[in-house]
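Shown next, in structure tokens, is the structure this report addresses.
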Amino acid sequence: MPLLSNKELLFLRRIAPLIVGSLNNTIRFLSRAACFMSGNNRETSSQLTTFHDFNTFHENSKHFQLIEDIMRAVFLDFGSVTRGDMDCTALEEAISPWQFFDDTTPEQVPERIKDAEIIVINKALLDRATLAYAHRLKLICIAATGYNNVDLVAAAERNIPVCNVRGYATPSVAQHVFMLMLNLTCRFVEYRQLVKQGGWQKSVHFCPLDFGIEELSGKTLGIIGYGELGQAVAHIARAFGMRLLIADHKDKPPRPGRTAFDQVLSQADFITLHCPLSEETHNLISQREFALMKPSAYLINTARGGLVNEDDLLHSLSSGRIAGAATDVLQKEPPVEGNPLLNYPRSNLIITPHTAWASRDSRQRLLDLIAENIRHFLQNKPFNQIMDAINPHDAAN
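The opening position of the sequence shown corresponds to residue 941 in my numbering, with each subsequent residue numbered one higher.
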């Protein structure tokens, strides 16, 4: 008896979990779809429309064995990665069906993850209490490098692997660092405003010199955090002719090739942060550190908002303790209304809305690498699993 081809089954696999309503409604839909796709074969239609519940459906048709075993994947905050401008082919080829949600509130998470075997998140929170609702969960994929929004211990207790994506945004963030540095030193904001207000048109000289411009060449760049991203920034800095100081850990004697943390602060013309946020690095740059910096120095932060004490940053800028700062991150994102940094009136502070990572190229790499993690997991191949909760000793080293 002719039933469905593999291609037709794949189509049904993708759409079945997306049908709104009860399981019986889904089965009835599949029956009609099967009848239609089989050329209205009466024998097929008669057989399928007799199924009134999933068990009967499963028992009477080995051709639909796949449906019970489908791996269901859900992306809880897909809108934080794309606005419809990304190619999702790799994700769809790795597994189907998918449920993509633009955003998911904490209250919506339990319902949306209860039947999922694979959960993908960017910033959504999966704590111990939330994970308890995911009875079928087999894999957590974080659409980011940082993983402080997942309870790794709770996941490890259930033998649920957690994977992240590393290095996908390195070129994007590195170029953003220099965009910020060049905006500060070339006074882009001020000169753009001057032109918009007619200042150039009214000038008696061909070149207004209202705002001093500095070169990066010959300046000293202090890099705090020298992983893949810090090294990419160093590579670009060398092309600009900058001198480099690589900071060692705070309060630690410097290793060969590194410079003591405080010495970097006191000697650098620019400080750029590329270290993770942890208990040790929270408020890494505060009043004491600002006091060590040159009055002509600039601070660049494209890492995490919690690395910098925002009150101390504001005071250092307004008092002239440092020359300027540019940050792509804040302690709370989106920021709350009334954040004093947002209302700071001078142009020696530049704030961008956490977009350093968000080039189209990096977001596409992110989705493709998530798909690779899923594919390797399903094939029992090595994938980018986070090991902190499983082997704390290795993570500490």
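C-beta: ideal position from N, C-alpha, C; glycine also.
Closest in alpha carbon position to SER1112, among ARG1068, ARG1300, ILE1314 and ARG1183, is ARG1300. Following the DSSP letters along the chain, one finds ILE1163 inside the beta strand (DSSP E) bounded by residues 1160–1164. For LYS1078 and PHE1041, the gap between their C-alpha atoms comes out near 20 Å. Between the alpha carbons of GLY1197 and LEU1289 lies a gap of roughly 32 Å. Assigned with DSSP and collapsed to three states, TRP1297 falls in coil, not helix or strand. Note on geometry: alpha-carbon atoms of ILE1053 and HIS1075 lie some 9 Å from one another. Close CB contacts of TRP1297 within its chain, under the 6 Å cut and outside five residues either way in sequence, are with ALA1109, SER1112 and VAL1113 (chain order). For THR1292, there is no enclosing beta strand (DSSP E), as DSSP marks it with neither H nor E.
By the Cβ neighbour-count rule, CYS1147 is exposed, with fewer than 16 other Cβ atoms within 10 Å of its own.
The DSSP-derived three-state label of THR1125 is helix. Secondary structure at ILE1153: coil, using DSSP grouped into helix, strand and coil.
For ARG1127, same chain residues with a beta-carbon under 8 Å away, outside a window of 5 residues either side, are PHE1151, GLY1152, ILE1153 and SER1287 in chain order. Burial check for ASN1241: the Cβ neighbour count within 10 Å reaches 16 or more, so the residue is buried. Contact between HIS1214 and VAL1173 holds, since their C-beta atoms are separated by about 7 Å, short of 8 Å.
Here TYR1238 carries a strand assignment [DSSP, helix/strand/coil].
Note on ASN1099: under 16 other CB atoms within 10 angstroms of its CB, so exposed under the neighbour-count rule. For PHE1201, the enclosing alpha helix (DSSP H) stretches over residues 1201–1207. ILE1225 and LEU1257 have their C-alpha atoms some 13 Å from each other.
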